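In the working numbering, the protein residues as written are -16 to 213. Just so you know, even glycine gets a beta-carbon here, dropped at the ideal spot from N, CA and C. Given the structure is predicted, the values throughout are model-derived calculations rather than measurements.
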């Protein structure tokens, strides 16, 4: 990659705005293009990056851009290359699989978790297409999910692979020490079940039965045998 000369005036302006005394990999390019962004916007990525608009392009500190990319918890990997005077940034994002709601002294906090059970965002939700998990008297560790929460995420991943139509219907899950309560999208019934594959298979058939018959009880307990309807 060729480092392009930049005017002293622009460099001084960048250093003043960035607060650093020494310039990094400074380049002048026609534009900056991003590939692979699904959940993030380009503005989420370049927030805090040292750059300036020039008469015929953009002056950017590429080192500053790399720090911003590597410090973003939603970015799994990235690549930067210059082609035709344009800076091309390729990004692979981490995929949220669950939103966890945790109650605290100052109110509830929302955490997005990825398939590795790691926290990738706090109080900044990027999708509404994953189940929302309410932790009842349970917590997350600083590194992410542990114990029952981790086991539930693994179970939901299996449900997503094997019973995808059911997974898409799951809107909310309430998890306590002994059982889980599931609320399906657009339905008023709460389904109580154990965190087991077999109970989710039951859930699929029960939801289908309720939809066909139009019956919507307040609660159906699938953890008992026989099933209890209230």
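Distance from the Cα of residue 72 is smallest, within the candidate group 134, 169, 197 and 12, for 12. In this structure, the CA atom of residue 207 is about 32 angstroms from the CA atom of residue 91.
In the three-state scheme derived from DSSP, where H, G and I count as helix and E and B as strand, residue 112 is classed as coil. With a 10 Å radius around the Cβ and a threshold of 16 neighbouring Cβ atoms, residue 55 comes out buried. According to the DSSP assignment, residue 134 belongs to no beta strand (DSSP E) but to the alpha helix (DSSP H) extending over 130 to 145.
In this structure, the beta-carbon distance from residue 115 to residue 82 falls below 7 angstroms. Selection 205, 27 and 35 evaluated against residue 107 yields 27 as nearest (Cα-Cα). Sorting 180, 85, 110 and 174 by C-alpha distance to the C-alpha of residue 146 places 180 at the top.
DSSP places residue 73 in the uninterrupted beta strand (DSSP E) bounded by 69 to 76. Distance check between residue 169 and each of 190, 163 and 160 places 190 closest, using alpha-carbon atoms only.
In the three-state DSSP reduction, residue 97 falls in the strand class (E or B).
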